[in-house]
Each structure stands twice: as C-alpha cells, then as structure tokens.
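Chemist: So that we are looking at the same thing, I have put the structure below in structure tokens.
There are 2 protein chains.
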Amino acid sequence: MGIEDRKQRHKDDLKETILRAAKELFLEKGYEATSMRNIAEKIEYSAATIYLHFKDKNEVFYALHKEGFRMLVTEFRTLENVSDPFERLKAMGHVYVNFAVENPDFYQLMFVMAQPLEVLKLDLTLCWDEGDDAFRVLLETVIECQKLGYFKGFEPNGFSFMVWSTVHGLASLRTSGHLDHVRQVKTQMADINVVTKHTMDTFMSMMEQLK
Amino acid sequence: MGIEDRKQRHKDDLKETILRAAKELFLEKGYEATSMRNIAEKIEYSAATIYLHFKDKNEVFYALHKEGFRMLVTEFRTLENVSDPFERLKAMGHVYVNFAVENPDFYQLMFVMAQPLEVLKLDLTLCWDEGDDAFRVLLETVIECQKLGYFKGFEPNGFSFMVWSTVHGLASLRTSGHLDHVRQVKTQMADINVVTKHTMDTFMSMMEQLK
DNA sequence: TTATTTACTGAACACTGTTTAGTAATCTTG
DNA sequence: CAAGATTACTAAACAGTGTTCAGTAAATAA
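For the record, the sequence lines run as chains A and B.
Numbering of the first sequence is given in the working numbering, commencing with residue 3 and proceeding in unit increments.
Numbering of the second sequence is given in the working numbering, commencing with residue 3 and proceeding in unit increments.
Spelled out as structure tokens, the structure:
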C-alpha cells in the first residue's frame, strides 16, 4: 500500500505538495474533473488530510488562482524593457492571449469563472492583489502611450477597460472553442491560430490609427 | 395516422415540460448545481424518464443553449429597422451586453462554457446554427458600415471577430464580477453600470474615429 | 510513566449522472 | 375475446463526488 510506503519517507511541506499535485491534475484534466480523492491518491495521502490544510476544494482552487496571477505578472515584467509604450502594449496583448492559450485552465480559474460570493467578499483584497497589479501595468502603459500622442481625448481608465475587454474576449472565445467554431463555419481561414493573430492584429492596427 | 400524431404530441409535450423545468432551475441555481433528480422532481417524474427524451444532461443543456440564441437573434431582428448601419452596430453592442447582464446563466451557457468535445464534433452544425446567424448579422452590418466609409482597409471577418471579442469580453468581465472588482479597487466610478457603459462608449467612439 | 497533543485515516453521509431490469398499461393481432 | 408485443415509465443499483468525524498510532510534554 502506498500509504505505508509514504510513512517510510520523510515529510516536508505537505501543503505545497498538495498544491503541486492539484495544479498538475487541474491543468491536465480540468477543475471539475479533478476530485479531492484524485489529488490525495497522487500524493499518497487520504482525502481527509487535504481538509487539514484547506477548507474545501475551492480554497485549493484559490491558492492556484493566486499563483496564476503571479505567473502572468512575471511574464508582464519581462516586457518592462520594451521602451516604446505602444510596442509594449502590443506585446502585453500577445502575452495575455498566449498565457490563456497555453494555460487554459489557469486562465479559466483567473478570469472566466465567476467568484463564489463569500470568497469575493472576504478575500477581496487578498486574492486579487496580483490581478490588480496586472491592470495597473496596463493602465500605466496606456497613460504612457497617451503622452506620445496615442488615444487622444480618451479617458485612460475607460480605454484600459476597453483594451482588457477586447483581449480577454479574444482569449475567452479562443479557449472556449467558440471562435474556432465560427471560423470553420464562416471563414476560409486555415486554423485557429491564424484567426487569433488576425483578430489581435486588427485590434492593434485599429489602435495605431488613433495616433 | 391521427393517433400517431397524438402520441408524438404527447411525447413532445413531456420533452418541452422537461426543458421548461430545466430552464427554470438552471437560471435559478446554475447548471452545475442543478441535478437530473432536481429536474425530475420538479415535473414529478423519475430521473430515468428524462433519459428517454435526452441522451444526457448535456443534451438538455444544448436544447436550452439553442433557445438562448433564438432569444438573442430575435432581439437582433428588432434592430433591422435601424437604417444607419453604424447606429445599428452600436445598438447591437448594447443589446448583446444587456442580454448578458439580464440573462447571465443563458449567457454563460451560450458563450462562456467550453463545449464538451464530443458534442462539438457531432452537433457542430446543429447546435450553433443560431449562433452562426448572430455572427452573420454582425458581419453583414460591418460590411454595410464599410460601404459608408467606416473601417477603411480592414478585412471584414477579422474586424467582426474583433468587435465580437470586445463586446463579449466586456459582457464576460461584467457578469463574472471581475470588472466590478477592478472598478472598486482602481477607479472612482460610481457603479458597475457606469463602467460598463463607459467602456462600451469608449469602444464605439474609437470605431467612429475610423471613418 | 502517564497525559496530551499532533498527524493522519477509514468509513460514513448525502449527494451526483447514468444504466438496467422490471412493471404495469395500452395496442396489435390471431 | 385472449395472447403477445409495444409503450411509458420507474425503483434500484453502480460508481463516482465533496465533506465530516470518530478513532488511532506516534510523538511530545509533564
């Protein structure tokens, strides 16, 4: 029995071990399809043990939610050395959509799923700190662009929300499969990556014309 | 074969009764939280009976999915008498977002949830006919706008995908609560409806400048 | 040495979607 | 009319779910 085997080995941070296993399973099979027993089995503990470290399945979810934002913000940080703010804005768009495509479950976790109300109210400041960071980076980039003459006459908050909507909308339609469906039925475009890029490029060149 | 007709009618009645009950429960408690037994209980049949009319829970879902699109397309049709295509495009945006705000579960059902792959492959043409209709209406409006000099030099498919992304992104961030969260933390805007409208107006006036 | 705390688990509870074997009632046919 | 076939339906079971809780063995403290 695996449980007996495990007792022979020494234990370090069990909470972290649970998160690593949960992350792997979530990214592999999705949130709904991963059971607490699956996670427990993977780390050779009983399911009940997870409840000693996390209130419920949602709390495991939110720990990873936070980690997802750290990943995204880290990727955004690598763009800090792109000096031209409009080029940076374009790069941010691509990083955002690529992140969604490469980590669809994390993306779902972070931006698509509606937050259960209790957690939203209690952890409001806690669990979205990194998300707010990401928005702040966007807003600052928009303001920088405006200093260079882009988006003249637009209120920066509204403009940032609009950019976020477009990029998030594209990421969401892309990862849900709806974009691909309409591509197949309505267009002659070769594959989903072409459509994604084409849509993004259309938006970027639209913004470029607002110089 | 009047008797055959009557039998078929009775069968259709029950199928419709199931859908009405499922719709009420889905809109009230959401898809995941509604069980087949819940639906059965509501109409005072056994759960197994539902499986005589629908292959599985997903098929109930897709029947309503289709109905949601019929509702949205119906709302779009009322805009056909708006003669100016750019005004019509703006109105479509508002109808779309309002639909999402007023029917968040239907919206989730139609645009947010990732389609289970089997159904996507089998029912591809069937279950999204109305969705494709909605996209076609958008595409035609974009083309009409271009005839009036808007969006010059943009490929209409890509432009339509971009418009859809933005409007869907706004609807999705709005209904998930993320938009409201960032509003609270980052802006001084009064309430979520103001932000939603402001974001939409920003996008519309951006498009207007492409004349 | 004894008492207490810690770390963990097996089993149970109340659910879930789905299948199947079976039952009554109705319809068809000899 | 009687017997067989068809229909409409269901109770019960299966294998799974998230979660709780009583209980246990080991480590630590008194």
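Glycine included, every Cβ here is placed at the ideal spot set by N, Cα and C.
(1) Find the nearest neighbour of serine 178 of chain B within the set A:Leu212, A:Thr143 and A:Val114, judged by alpha-carbon distance.
(2) With DSSP collapsed to three states, give me the class of glycine 160 of chain B.
(3) Given lysine 59 of chain B, which residues of its chain have a CB within under 7 Å of its CB, disregarding the five upstream and five downstream residues?
(4) What did DSSP end up calling lysine 188 of chain A once you bin it into helix, strand or coil?
(5) Inspect the beta-carbon positions of glutamine 84 of chain B and arginine 90 of chain B and report whether they are closer than 8 Å.
(6) Please name the residue in B:Ala24, B:Met206 and B:Asp15 whose C-alpha comes closest to that of leucine 111 of chain B.
(7) Under 8 Å, do leucine 16 of chain A and histidine 67 of chain A count as touching if we go by C-beta distance?
(8) Could you tell me whether the Cβ of serine 37 of chain A comes closer than 8 Å to any Cβ of chain B?
(9) Is there a Cβ of chain B sitting closer than 8 Å to that of threonine 188 of chain A, yes or no?
(10) Please confirm if methionine 164 of chain A has its CB atom under 8 Å from at least one CB of chain B.
(11) For the alpha helix (DSSP H) that valine 42 of chain B lies in, which residues bound it at each end?
(12) DSSP three-state call for phenylalanine 137 of chain B: helix, strand or coil?
(13) Rounding to the nearest angstrom, what Cα-Cα distance links leucine 188 of chain B and alanine 173 of chain A in this structure?
(14) Taking three-plus beta-carbon pairs below 8 Å as touching, is the segment 142-155 of chain B in contact with the segment 194-201 of chain A?
(15) For glutamate 77 of chain A, which three-state DSSP category applies?
(16) Is the CB of glutamate 210 of chain B under 8 Å away from at least one CB in chain A?
(17) Does the beta carbon of histidine 170 of chain B come closer than 8 Å to any beta carbon on chain A?
(18) According to DSSP, is aspartate 58 of chain B helix, strand or coil?
(19) Would DSSP call leucine 172 of chain B helix, strand or coil?
(20) For a test of the three-state rule: what should DSSP assign to arginine 89 of chain B, helix, strand or coil?
(21) Where do the ends of the alpha helix (DSSP H) carrying serine 207 of chain A lie?
(22) Can you tell me which of A:Ile52, A:Glu46 and A:Tyr109 puts its alpha carbon nearest to the alpha carbon of leucine 74 of chain A?
(23) Among the candidates A:Phe88, A:Gly155, A:Glu82 and A:Glu77, whose CA atom is the shortest distance from the CA of glutamate 104 of chain A?
(24) Does the beta-carbon distance from valine 169 of chain B to valine 144 of chain B come in below 8 Å?
(25) Using C-beta distances below 6 Å, list every residue in its chain close to arginine 176 of chain A, excluding the 5 sequence neighbours before and after it, in chain order.
(26) Assign serine 48 of chain B to one of three DSSP states: helix, strand, or coil.
(27) List the residues of chain A whose Cβ lies closer than 7 Å to the Cβ of phenylalanine 156 of chain B, in chain order.
(28) Quick one: Cα of alanine 102 of chain B to Cα of glycine 171 of chain B, how far?
Modeler: If we stick to the structure as given:
(1) Translated into the one-based positions of the second sequence, residue 178 of chain B becomes position 176. Of the listed residues, the one whose Cα sits closest to serine 178 of chain B is A:Val114.
(2) Working through the second sequence from its first residue, we reach residue 160 of chain B at position 158. Helix, per DSSP.
(3) Looking up residue 59 of chain B in the second sequence gives position 57. Counting only Cβ-Cβ distances below 7 Å, and skipping sequence neighbours, we find Met38.
(4) Taking the first sequence and counting its residues from 1, the one referred to as residue 188 of chain A is at position 186. Three-state result, lysine 188 of chain A: helix.
(5) As a position in the second sequence, residue 84 of chain B is number 82, starting the count at 1. As a position in the second sequence, residue 90 of chain B is number 88, starting the count at 1. A small correction: the amino acid at residue 84 of chain B is valine; glutamine does not occupy that position in the sequence shown. Yes.
(6) Working through the second sequence from its first residue, we reach residue 111 of chain B at position 109. Among B:Ala24, B:Met206 and B:Asp15, the Cα nearest to that of leucine 111 of chain B belongs to B:Ala24.
(7) Indexing the first sequence from 1 puts residue 16 of chain A at position 14. Indexing the first sequence from 1 puts residue 67 of chain A at position 65. Not a contact, by the Cβ cut-off of 8 Å.
(8) Residue 37 of chain A sits at position 35 when you count from the first residue of the first sequence. Cβ-Cβ to chain B under 8 Å: no for serine 37 of chain A.
(9) As a working mapping, residue 188 of chain A is identified with position 186 in the first sequence. Position check: residue 188 of chain A holds lysine in this sequence, whereas threonine was assumed. It does; some Cβ of chain B falls within 8 Å.
(10) Working through the first sequence from its first residue, we reach residue 164 of chain A at position 162. Answer yes: the Cβ-Cβ gap between methionine 164 of chain A and chain B drops below 8 Å somewhere.
(11) Here residue 42 of chain B refers to the residue found at position 40 when the second sequence is read from its first residue. Correcting the residue type first, residue 42 of chain B is alanine in the shown sequence and not valine. Looking at the DSSP string, the run of the alpha helix (DSSP H) that includes alanine 42 of chain B is 38-45.
(12) Counting from 1 along the second sequence, the entry for residue 137 of chain B is found at position 135. Helix, per DSSP.
(13) As a position in the second sequence, residue 188 of chain B is number 186, starting the count at 1. As a position in the first sequence, residue 173 of chain A is number 171, starting the count at 1. The question names leucine, yet the displayed sequence has lysine at residue 188 of chain B. Whole-angstrom Cα-Cα distance: 23 Å.
(14) no
(15) As a working note, residue 77 of chain A is residue 75 in the first sequence. Here glutamate 77 of chain A sits in helix by DSSP.
(16) Counting from one through the second sequence, the residue named residue 210 of chain B turns up at place 208. Chain A, which has no Cβ nearer than 8 Å to the Cβ of glutamate 210 of chain B, makes this no.
(17) In the second sequence, the residue the question calls residue 170 of chain B occupies position 168. Yes, histidine 170 of chain B counts as interfacial toward chain A.
(18) Within the second sequence, the letter at position 56 stands for residue 58 of chain B. If DSSP states are grouped into helix, strand and coil, aspartate 58 of chain B belongs with coil.
(19) Within the second sequence, the letter at position 170 stands for residue 172 of chain B. In the structure shown, leucine 172 of chain B sits in a helix (DSSP, three-state: H, G or I).
(20) Residue numbering aside, residue 89 of chain B sits at position 87 when the second sequence is read from its first letter. First, the residue type needs correcting, since residue 89 of chain B is glutamate and not arginine in the sequence shown. DSSP places glutamate 89 of chain B in helix when its eight states are reduced to three.
(21) Taking the first sequence and counting its residues from 1, the one referred to as residue 207 of chain A is at position 205. Here the alpha helix (DSSP H) through serine 207 of chain A covers 194-210.
(22) By 1-based counting over the first sequence, the position of residue 74 of chain A is 72. For the residues A:Ile52, A:Glu46 and A:Tyr109, the minimum Cα distance to leucine 74 of chain A belongs to A:Tyr109.
(23) On the first sequence, residue 104 of chain A is found 102 positions in, with the first residue counted as 1. The candidate whose alpha carbon is nearest that of glutamate 104 of chain A is A:Glu77.
(24) Counting from one through the second sequence, the residue named residue 169 of chain B turns up at place 167. Counting from one through the second sequence, the residue named residue 144 of chain B turns up at place 142. No, these two residues do not count as a Cβ contact at 8 Å.
(25) Your numbering for residue 176 of chain A matches position 174 in the first sequence. For arginine 176 of chain A, where only same-chain residues beyond five positions count, the Cβ hits under 6 Å are Thr198.
(26) The residue labelled residue 48 of chain B in the question sits at position 46 within the second sequence. Three-state DSSP puts serine 48 of chain B in coil, outside helix and strand.
(27) Position 154 of the second sequence, counted from the first residue, corresponds to residue 156 of chain B. Simply Thr204.
(28) By 1-based counting over the second sequence, the position of residue 102 of chain B is 100. By 1-based counting over the second sequence, the position of residue 171 of chain B is 169. The alpha-carbon atoms of alanine 102 of chain B and glycine 171 of chain B are separated by roughly 11 Å.
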